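Chains as they are written, first to last, in our numbering: chain A, 625 to 1137; chain B, -19 to 466; chain C, 285 to 379.
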């Protein structure tokens, strides 16, 4: 039988606030255990929560970015269960009225020419507090509890079961990861647990519209583990069903060393969380004015930027948005949009807008070199710049060659001072910081300026023609290949500096004589 | 001197006729003599109290005195007090030295009042007789075979026996007003949100409210001036301009409209209590007030509604007592769950466990709508009744408790009978209104009777005026038990 | 509605309170009395009434995103039942 995998994700994003969601404790990562757990975080008797405006603001930003409904009022509820890293014996979360309802995210699926767009619907996003950490190192057979993380603000973003493969789940997680960083609500650091996925996985026969029993795999903190855990879990479920068994609804953990999932023992008892509105917190009101203020300060959304990079003008952008319309676009339309258009291919636009910093870098270069050189600029950013950043494991914001410096180089290519090949040599020097990374100084000092003087090139061509009578004869007898060989020799003697277009033209002229 | 009002004591201090060290010393001496017989205090800390008294004397000398500077005030042991053991009447917190001060404690510290000790209470404020305290029951100063009421029974007893000039209390369903009534003193539960709950160990968050307990309305006004006020640390604290609660004390009562709910004067009320309450109302008529019958039809559901909502919130509020970060931890256990279960079984008393079970049940899957949501809806009906009633009157009066103080042990084995004794006070917490009790005479066995005053939201100054005018005309509030009159 | 012994045990388990068989029986009797009192609520039709969660009709106040707390670990852990290396120790947690 053919099986279909059905996946929904719950993503916990740690919001990038300075202080905790309900206390003035610091959220900085990596502090000495329990030095950032204040009275409220420790749930001392008598302490009370007060909501952090910064956390709400970040939730609103996500709501705007995904075109969700921003609820006002929304309500905080207590989720009651006992666990040593949960100091109050309940987690303050949201249940019946989350801060955001609905919304959607568009992902790119397929590869090698089958790329297409797919919309993943969001169920909701709600604010809640993180728990502390249990350290299972052996303290005489006991577990150590560090509550520094307790009370860190989380936005749990819950999707509908709209994904059909681990690849789609990863594409969705990556898109969301890029989005939360793009709008500045989460640092996205997966090693530090700032972006954690729980995957709800079930399988069903192809064509069935009934959902199978699902298992929830907890705490997947890398895209690779997300993919492997889903693949393993789907195989496990299919095997059970094919062997005549039934799936039990369970919470499972992924063991990356063994590449398998196993049931969590602590979750074996059927939980009854006894949600009820937290009497210590009042309903959260989000005024339209507040939303408008946040909207005005939002960066241009990734999708908008991508289509703008593809469009030739405002009308073209409007058409693209129309064609790919979704709730997100309608909601985001009054978020500020950039003014410049580049007519890039869909591929280039997608690559350049994969993250905000790259897109910013590209546009900073374009601002200097002018609108007609977008393709050249895109090639350099996606090519030389990206490959060197990857090689040196650097972020584009820390690129040794700044946008301004790259622009300087590209201007020299454009006005014919240097050839593309020489430009790469100049770029290498810039990357190493030679001569302050200034293209012009490097070209001058190293004598890399292109030879564009007609007389000088004619002289070089004449030299080569007289030294290679055989090839000249071959060409005149119709052997096109001989032409390329002659050009190569001219370039060689000029040490690559001769303007190739001019060499081509002069050589042709001379051979016609 | 032990019978002096706060104003009189303050006068003596500012005139330098007595120092705070002397005054505190006198009260501590009396307290140490009397407390073994009444068990009103769980913790005293003489040295710390005297250090505070010395600092108060310095404030007075420097001309920085506030009306309560240098005056001893007892703190209910529900208020976290830095460096003091804060038990909340429970074994669970028998070793808990609070690392911080409650907002209320901070406010008293700021004005230079002296903390004279932490008063006994029903465990986690759950009780109406003070018999659920892990530290033993408190005795009623009017009759040591009677309960003092609860949960602020220690504070009520301490004030009634003049072991302290004033004390703090908290009131979730009547815990200030009922013990005030049963011990013959005055107490006010302010409008919900007026006194910060920060550092006040939570019982039922949406109902809990701190307030003062003292001999007279005038003293209460001075205490409330310190206790009330906005606190950023409590999300339910109300942002309002500070008030002087003494401002209206001297207003005449002519034209005051007193509402008498017909549901309050029914067969459940004992004759002795009814007689004293009716006499008090007659006194008010003499003072120029008129009475009007009002109706609070939903009030009869207060007890069931309360015994869903309060335990529900409590069951969750008390989950933090798990033996991990502070407080009691069972000595022997085999694993984590066993540690939780034994710690909580041993650390909590029977009444607390009973309410945790009720609360857990009403919140659990399948019962939430029928109990919790239904109770919250009825809570609205109860509150709306009051809003309607206040269209016809300025203040509502009735008995604080249907009976005078009952005997120790009389109701402790029958929770339902105990719960029903709070019928009059509970509705006020559900509505979030201010409520007050003042002594208006004596009933059976010469035990005190309290008059219950219910005001509209933020009507504290008016209620204190109404109580003060009565106290100017009568002397119930200055009476004290014969054996203590030395 | 009548409460069963199993209900009492289930709830005690959720609340993480150990109850002996005797205690469970006593609790059953007492809780049943209390629930028959609570049962009075069911007589009222409340279909059109909004639940009331708070005494005041006020919205949540928000705190500026500022770190206001300092490290007080030493003080806080001075009252802890069991600590080592700055960690609170509990019996082994099995995930």
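A virtual CB, placed ideally from N, CA and C, is assigned to each residue, including glycine. In this text the structure is predicted, and so the values were computed from the model without any measurement.
**Message:** According to DSSP, simplified to helix, strand and coil, what is residue 252 of chain B?
**Reply:** Sequence index remark: in the second chain, residue 252 of chain B carries index 272 (1-based). Of the three classes helix, strand and coil, the one that applies to residue 252 of chain B here is helix, per DSSP.
**Prompt:** Exposed or buried, residue 345 of chain B, counting other C-beta atoms within 10 Å across all chains shown (16 or more means buried)?
**Reply:** Translated into positions along the second chain, residue 345 of chain B becomes position 365. Exposed, since its Cβ has fewer than 16 Cβ neighbours within 10 Å.
**Request:** Could you check the C-alpha separation between residue 951 of chain A and residue 686 of chain A for me, to the nearest Å?
**Result:** As a first step, residue 951 of chain A must be located in the first chain, where it is residue number 327. As a first step, residue 686 of chain A must be located in the first chain, where it is residue number 62. Confidence in residue 951 of chain A is poor, its pLDDT being 47 and thus under 50, which makes the residue's placement too unreliable to answer from.
**Message:** Can you look up residue 625 of chain A in the DSSP assignment and give me helix, strand or coil?
**Reply:** Position 1 of the first chain, counted from the start, is the residue given in the question as residue 625 of chain A. Coil at residue 625 of chain A, not helix or strand.
**Asked** Along chain C, in chain order, which residues have C-beta atoms closer than 7 Å to that of residue 77 of chain B?
**Response** For the purposes of this step, residue 77 of chain B is taken as the residue at position 97 of the second chain. By Cβ distance, chain C contributes 363.
**Message:** So that I know if they touch, is there some Cβ in chain B lying closer than 8 Å to that of residue 330 of chain C?
**Reply:** One-based indexing of the third chain puts residue 330 of chain C at position 46. So yes, residue 330 of chain C belongs to the interface.
**Asked** So is residue 644 of chain A buried or exposed if we call it buried at 16+ other beta carbons inside 10 Å?
**Response** The count along the first chain starts at 1 and reaches residue 644 of chain A at position 20. Buried, by the Cβ-count rule.
**Asked** Can a CB atom of chain C be found closer than 8 Å to the CB of residue 315 of chain B?
**Response** Position 335 of the second chain, counted from the first residue, corresponds to residue 315 of chain B. Chain C, which has a Cβ nearer than 8 Å to the Cβ of residue 315 of chain B, makes this yes.
**Message:** For a minimum of 3 consecutive residues, which ranges assigned as the beta strand (DSSP E) are wholly contained in the segment 350 to 382 of chain B?
**Reply:** 375 to 379
**Asked** So residue 820 of chain A and residue 845 of chain A are in contact, right, with Cβ under 8 Å, and what is the actual spacing, rounded?
**Response** Sequence index remark: in the first chain, residue 820 of chain A carries index 196 (1-based). Sequence index remark: in the first chain, residue 845 of chain A carries index 221 (1-based). With 8 Å as the limit, residue 820 of chain A and residue 845 of chain A qualify as a contact, their Cβ atoms being about 5 Å apart.
**Per-residue contacts from residue 298 of chain C into chain B (C-beta, under 8 Å)** = Here residue 298 of chain C refers to the residue found at position 14 when the third chain is read from its first residue. The contacting residues are 340 and 344.
**Asked** Under a Cβ-count criterion, where at least 16 other Cβ atoms within 10 Å of its own Cβ denotes burial, should residue 257 of chain B be classed as buried or exposed?
**Response** Reading the second chain from its first residue, position 277 is the one you call residue 257 of chain B. It counts as buried.
**Item:** DSSP state of residue 900 of chain A mapped onto helix, strand, coil
**Value:** On the first chain, residue 900 of chain A is found 276 positions in, with the first residue counted as 1. Correct three-state label for residue 900 of chain A: strand.
**Message:** Between which two residues does the alpha helix (DSSP H) holding residue 69 of chain B run?
**Reply:** Taking the first residue of the second chain as position 1, residue 69 of chain B is located at position 89. Taken as a continuous stretch (DSSP letters only), residue 69 of chain B belongs to no alpha helix (DSSP H), as it is neither H nor E.
**Request:** Could you tell me the boundaries of the alpha helix (DSSP H) in which residue 758 of chain A lies?
**Result:** Here the question's residue 758 of chain A lines up with position 134 in the first chain. No alpha helix (DSSP H) holds residue 758 of chain A; the beta strand (DSSP E) holding it covers 757 to 763.
**Proximity test, Cβ basis, 8 Å: residue 354 of chain C and chain B** = Reading the third chain from its first residue, position 70 is the one you call residue 354 of chain C. By this cut-off, residue 354 of chain C is not an interface position.
**Prompt:** Expressed to the nearest angstrom, what Euclidean distance is found between the alpha-carbon atoms of residue 88 of chain B and residue 94 of chain B?
**Reply:** In the second chain, the residue the question calls residue 88 of chain B occupies position 108. In the second chain, the residue the question calls residue 94 of chain B occupies position 114. Computed Cα separation, rounded: 8 Å.
**Item:** With 16 other Cβ atoms within 10 Å as the buried cut-off, status of residue 103 of chain B
**Value:** For the purposes of this step, residue 103 of chain B is taken as residue 123 along the second chain, with counting starting at 1. Flag for residue 103 of chain B reads buried.
**Request:** With DSSP collapsed to three states, give me the class of residue 54 of chain B.
**Result:** The sequence position of residue 54 of chain B within the second chain is 74, counting from 1. Strand at residue 54 of chain B.
**Request:** Taking the CB atoms as reference points, tell me whether residue 109 of chain B and residue 903 of chain A lie closer together than 8 Å.
**Result:** Here residue 109 of chain B refers to the residue found at position 129 when the second chain is read from its first residue. Here residue 903 of chain A refers to the residue found at position 279 when the first chain is read from its first residue. Against a cut-off of 8 Å, the Cβ pair of residue 903 of chain A and residue 109 of chain B comes out as no contact.
**Message:** Within 8 Å of any Cβ in chain A, is that where the Cβ of residue 286 of chain C sits?
**Reply:** Position 2 of the third chain holds residue 286 of chain C. Not one chain A Cβ lies under 8 Å of residue 286 of chain C.
**Prompt:** My guess is that residue 941 of chain A and residue 929 of chain A are in contact by the Cβ rule of under 8 Å, so how many angstroms apart are they, rounded?
**Reply:** Your numbering for residue 941 of chain A matches position 317 in the first chain. Your numbering for residue 929 of chain A matches position 305 in the first chain. So it is not a contact: roughly 10 Å between Cβ atoms.
**Exposure label - residue 1060 of chain A; buried when at least 16 CB within 10 Å** = The sequence position of residue 1060 of chain A within the first chain is 436, counting from 1. By the neighbour-count rule (16 or more Cβ atoms within 10 Å), residue 1060 of chain A is not buried but exposed.
**Asked** Rounded to whole angstroms, how far is the Cβ of residue 826 of chain A from the Cβ of residue 849 of chain A, which I believe are closer than 8 Å?
**Response** In the first chain, residue 826 of chain A corresponds to position 202, counting from 1. In the first chain, residue 849 of chain A corresponds to position 225, counting from 1. In fact, because the Cβ distance is near 19 Å, the residues do not count as touching under 8 Å.
**Asked** With DSSP run on the structure shown, which of helix, strand or coil describes residue 687 of chain A?
**Response** Taking the first chain and counting its residues from 1, one reaches residue 687 of chain A at position 63. DSSP places residue 687 of chain A in helix when its eight states are reduced to three.
**Asked** Which value, in whole angstroms, describes the spacing of the CA atoms of residue 74 of chain B and residue 308 of chain B?
**Response** In the second chain, the residue the question calls residue 74 of chain B occupies position 94. In the second chain, the residue the question calls residue 308 of chain B occupies position 328. Spanning the alpha carbons of residue 74 of chain B and residue 308 of chain B requires a straight line of approximately 7 Å.
**Request:** Identify which residue in B:359, B:387, B:16 and B:-3 has its Cα closest to the Cα of residue 441 of chain C.
**Result:** Outside the displayed span of chain C (285 to 379) sits residue 441 of chain C, for which this structure offers no information.
**Message:** Restricting to Cα atoms, I'd like to know which of B:241, B:302 and B:-6 is closest to residue 378 of chain B.
**Reply:** Here residue 378 of chain B is taken as the residue at index 398 of the second chain, counted from 1. That would be B:241, whose Cα lies nearest to the Cα of residue 378 of chain B.
**Request:** Could you give the DSSP three-state label for residue 163 of chain B: helix, strand or coil?
**Result:** Reading the second chain from its first residue, position 183 is the one you call residue 163 of chain B. If DSSP states are grouped into helix, strand and coil, residue 163 of chain B belongs with the helices.
**Item:** CA-to-CA distance, residue 747 of chain A to residue 674 of chain A, given in whole angstroms
**Value:** As a first step, residue 674 of chain A is located in the first chain; it is residue number 50 there, counting from the start. As a first step, residue 747 of chain A is located in the first chain; it is residue number 123 there, counting from the start. Straight-line Cα distance between these residues: approximately 27 Å.
**Asked** For a contact meaning CB atoms closer than 7 Å, what does residue 396 of chain B contact in chain C?
**Response** The residue you call residue 396 of chain B lines up with position 416 of the second chain. Correct list: 317, 318 and 321.
**Request:** From the DSSP output, read off the bridge partner residues of residue 435 of chain B.
**Result:** In the second chain, the residue the question calls residue 435 of chain B occupies position 455. Paired residue(s): B:375.
**Request:** Please classify residue 840 of chain A: does DSSP put it in a helix, a strand, or coil?
**Result:** Here the question's residue 840 of chain A lines up with position 216 in the first chain. In the structure shown, residue 840 of chain A sits in a strand (DSSP, three-state: E or B).
**Asked** With C-beta atoms as the reference, is residue 724 of chain A less than 8 Å away from residue 683 of chain A?
**Response** Position 100 of the first chain, counted from the first residue, corresponds to residue 724 of chain A. Position 59 of the first chain, counted from the first residue, corresponds to residue 683 of chain A. Yes, these two residues count as a Cβ contact at 8 Å.
**Request:** Taking only beta-carbon positions, decide if residue 357 of chain C is within less than 8 Å of chain B.
**Result:** Along the third chain, one-based indexing puts residue 357 of chain C at 73. With 8 Å as the cut-off, residue 357 of chain C does not count as an interface residue toward chain B.
**Request:** Tell me whether residue 839 of chain A is buried or exposed, calling it buried when 16 or more other Cβ atoms sit within 10 Å of its Cβ.
**Result:** Position 215 of the first chain holds residue 839 of chain A. Counting Cβ neighbours within 10 Å, residue 839 of chain A comes out buried, since at least 16 surround it.
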